[in-house]
Amino acid sequence: MSGLRRAIDQRLARAFGSLGLPVDLARATPSDRPDLADFQCNGALAAAKRVGRNPREIAAAVVEVLGAAPEFASVEIAGPGFINLRLSDAALSARADEIAADPRLGAGRVATPRRILIDYGGPNVAKPMHVGHLRSSIIGESLKRIHRFRGDTTVGDAHFGDWGYQMGLLIGAAMDADPWIQALVEDLNTAGVEPSPEAEAAAFEGLSQRISLADLDRMYPEAAALGKSDEAYRNRARRLTAALQSRRPGCLLLWRHFARVTQVALARDFHALGVDFDLWKGESDADPLIPEMVADLEARGLLEDDQGARIVRVGYQGDKRDLPPLLVVSSEGSAMYGTTDLATILDRRRTFDPEQVLYVVDQRQADHFEVVFRAAVLAGYAAEGQLEHIGFGTMNGTDGKPFKTREGGVLKLNDLIEMTRDRARERLREAGLGAELAPEAFEATAHQVAVAALKFADLSNFRGTSYVFDLDRFTSFEGKTGPYLLYQAVRIKSVLRRAAEQGLEAGPIRIEDPAERELALLLDAFDDALAEAYDRRAPNLVADHAYRLAQAFSRFYAACPILPAEGEVRASRLSLAGMVLGQLELCLDLLGLSAPERM
RNA sequence: GCGCCCGUAGCUCAACCGGAUAGAGCAUCCGCCUUCUAAGCGGACGGUUGCAGGUUCGAGUCCUGCCGGGCGCGCCA
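Take the position in the first sequence, starting the count at 1, then add 735; the result is the number in the numbering used here.
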């Protein structure tokens, strides 16, 4: 909780307590009416209901007790019984000085740090990332950073899609494309033993020259289309998938090449977006655990035969709906999506042993995760509430359906980034910034601006709701946008740089202008914003704080000259500017963004 | 059919445990660069929170029904 709120709540609690009122209602919130107050307490209204007394009388009694406290400039009753609290300038500036002296700028930590694993991104081998991957990646990355900053130990896992039917398709397509590959795979499969290290190195060398990521990008859609239309082709892909999963050496080697090539390229693309995973565990890592898991489920009496498949029923008494069972083994004897997810839970327990796992996955999979989580609890693999699905809405087109390009295809993530970067370059040149920057710096800035525009446009929406993707809005740099935040940060850096050149130093805070008051209150609200973002797993609250802070700073900048001021006023304003920059950069970092030095 | 989510300004989105006058951005219009970066600042315009009931001192928020939209419902992942 923010420092000011904690102090106010203590005052309120003492007042409520001394009057025999329920202390849990003694809480202040930022005022809805900044023209009347800084904070308000609605507790008198709630208390009135509970103890059966007139709310205004209660409020009057509280005000009477509170009025003497030195930190308040005024304490008043309004409306049906709101208690309006206005802080003294002295109390505000004292709090601002505390924040200035705090390396974390007022941001607290969780009381009991936990080990959290965050499963997000979900890229697949050989499938280029499209705009649909943007949300999971950047929401997950932001949540990881928020948890880490609040004190948790976090691990971000890409949960690489590397083990399904698409691998059989690709293996077949690669063999068709090149006789050398076909011979390699078939010989190894026939031999039935793993190649020597030397032979393996040679094989990878040959594969590297023959199959690049670009080849995979091209091959996969073709193979997928053939798989749909041609039954024989589909059956071969199924056989190859089964061969891979039974670890035939040829298939395994080719698969490892695919995975390696894809991972390197994906990690680079993710990094360009400010998304970095600690782990690249894949579905393949959970696969070896499946046989013993099935045996264990069997031993626990959870497995049932149903229509030739083996299932776990997860319905509870009193369920409002019929959840489907978890399909563990299909009638063909293969593991399913949910089987892998369940085995992954076991794998994670044996390695990182997380106290909580967050799955940052499309909202549409809510039922699937409900089934998997229930099965995990039934089997004793996880505790109730330990696994949490963080669903997010889809990115829709203007027709209200998941976004497609005009041609009807999916928009590749890299194309979107490139388009945005083009606009950023254009805009930088218009502003006359190309000249003074070296080409690399110019390009780096254009990239930072583009990424800020894209990510902020997404992260400023609450994750749970779907939103309409509008290219113009995503590539816009004015108003409530990422580039606006970068711009404010850069402006502050510029001022602070000049101040340093002139040997000017920051000093104690003096609250004189309304713009300074507004800034001080917002700086104090930082911790509340972070705590709320953490509790609700909602990065948009961090985005919102950053935006409000930037906006308040911009007003302050217009109203209160910093460098042209003198003495203690200038020192105070430099300190305010420094704190704003600090919080702004922390927020940007929590959103996976960064500001350049100049723009 | 069953279930989940959504419906807020012309458009895109916010709104902390139910609180006062529902907020931003974009778009439109009017001002402001002879002080630190105008990607900025100020102002104007814009609302029966889908509809109808209910609970409450108080409802965008909770409950019920209806209308409209999206999504999910065993052998894809």
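Built from N, CA and C at the ideal position, the CB exists for glycine as well.
Residue i versus residue j: straight-line alpha-carbon distance, rounded
i	j	result
Leu1093	Glu921	41 angstroms
Pro790	Gly816	5 angstroms
Val1277	Leu1221	15 angstroms
Val1029	Leu760	51 angstroms
Leu1231	Asp1020	50 angstroms
Ala1273	Lys879	11 angstroms
Gln1223	Phe1291	11 angstroms
Gly1317	Gly1199	29 angstroms
Ser1201	Pro765	29 angstroms
Gly802	Ala1255	23 angstroms
Asp1207	Thr1155	9 angstroms
Asp1205	Ala1166	24 angstroms
Gly1294	Asp1134	Before going on, a small fix: residue 1294 reads as Ala here, not Gly. Taking the straight line joining both Cα atoms gives about 44 angstroms.
Ala1188	Phe993	32 angstroms
Arg1035	Ala1110	12 angstroms
Arg785	Arg749	18 angstroms
Thr1129	Val928	46 angstroms
Gly738	Asp1263	9 angstroms
Ala1300	Ala829	21 angstroms
Val1112	Asp1057	18 angstroms
Leu905	Phe1177	40 angstroms
Ala1330	Gln1183	7 angstroms
Ala1007	Ile873	12 angstroms
Pro1328	Glu806	According to the sequence as given, residue 1328 is Leu; it is not Pro. Cα to Cα, Leu1328 sits roughly 37 angstroms from Glu806.
Limits of the alpha helix (DSSP H) - the one that residue i falls within
i	result
Cys986	Pro984 to Ala1007
Pro1274	Pro1274 to Ala1294
Leu1168	Careful: Leu1168 lies outside any alpha helix (DSSP H) and carries neither H nor E.
Ile1246	No alpha helix (DSSP H) holds Ile1246; DSSP gives it neither H nor E.
Gly875	Val866 to Phe884
Ala1114	Careful: Ala1114 lies outside any alpha helix (DSSP H) and carries neither H nor E.
Ser828	Asp824 to Ala836
Glu1027	Ile1025 to Ala1034
Thr976	Glu966 to Gln980
Ser1310	Gly1302 to Leu1325
Where residue i falls: helix, strand or coil (DSSP)
i	result
Glu1332	coil
Ala861	coil
Asn924	helix
Asp1102	helix
Arg850	strand
Met902	helix
Asp1040	strand
Met1130	strand
Val1184	helix
Arg754	The question names Arg, yet the displayed sequence has Leu at residue 754. Correct three-state label for Leu754: coil.
Ile1080	helix
Ser844	Per the sequence shown, the amino acid found at residue 844 is Arg instead of Ser. It is coil, neither helix nor strand.
Arg1045	strand
Val1230	helix
Val1063	strand
Phe1209	helix
Val1203	strand
Phe1197	coil
Lys1147	strand
Phe1087	coil
Glu1240	coil
Span of the beta strand (DSSP E) around residue i
i	result
His1124	Leu1122 to Phe1127
Ile775	First, the amino acid is wrong: residue 775 is Gln here, not Ile. Looking at the DSSP string, the run of the beta strand (DSSP E) that includes Gln775 is Phe774 to Cys776.
Val1010	No beta strand (DSSP E) contains Val1010, which DSSP labels as neither H nor E.
Tyr1094	Gln1091 to Asp1097
Pro765	Ala763 to Pro765
DSSP beta-bridge partners of residue i
i	result
Ile812	Ile818
Asp892	Asp854 and Leu1014
Ala1070	Val1064
Pro1137	Asn1131
Phe807	Leu822
Query - At least 3 beta-carbon pairs within less than 8 angstroms: the region 1154-1161 vs the region 1081-1096 - result: They do not touch, by the three-pair rule.
Report task. Kindly confirm or deny that the region 1021-1028 and the region 1072-1082 touch, where touching means at least three C-beta pairs closer than 8 angstroms. Result -> Yes: at least three Cβ pairs fall under 8 angstroms.
Query raised in the report: Is the region 952-963 close to the region 859-869, with three or more CB pairs under 8 angstroms?
Result: The region 952-963 is in contact with the region 859-869.
Report task. Indicate whether the contact test is met: 3 or more Cβ pairs, each with one atom in the region 890-908 and one in the region 1001-1021, closer than 8 angstroms. Result -> Under the three-pair Cβ rule at 8 angstroms, the region 890-908 counts as touching the region 1001-1021.
Query raised in the report: Are three or more beta carbon pairs between the region 1296-1311 and the region 1242-1249 nearer than 8 angstroms?
Result: Under the Cβ criterion (8 angstroms, minimum of three pairs), the region 1296-1311 counts as touching the region 1242-1249.
Query raised in the report: Counting pairs of Cβ atoms below 8 angstroms between the region 935-944 and the region 850-858, do you hit three or more?
Result: The region 850-858 and the region 935-944 do not touch, with fewer than three beta-carbon pairs separated by less than 8 angstroms.
Requested in this report: Decide yes or no for the touch test of the region 1259-1268 against the region 1207-1217: beta carbon pairs closer than 8 angstroms, at least 3 of them.
Outcome: Contact between the region 1259-1268 and the region 1207-1217 is absent, because fewer than three Cβ pairs lie under 8 angstroms.
Query raised in the report: Does the region 819-833 come within contact of the region 768-776, defined as at least 3 CB pairs closer than 8 angstroms?
Result: Contact holds between the region 819-833 and the region 768-776, because three or more Cβ pairs, one in each stretch, are under 8 angstroms apart.
Requested in this report: Count the C-beta pairs between the region 989-1006 and the region 1032-1052 that are closer than 8 angstroms, then say yes if the count reaches three, no if not.
Outcome: For the pair of segments examined, the region 989-1006 was found not to touch the region 1032-1052: the number of CB pairs separated by less than 8 angstroms stays below three.
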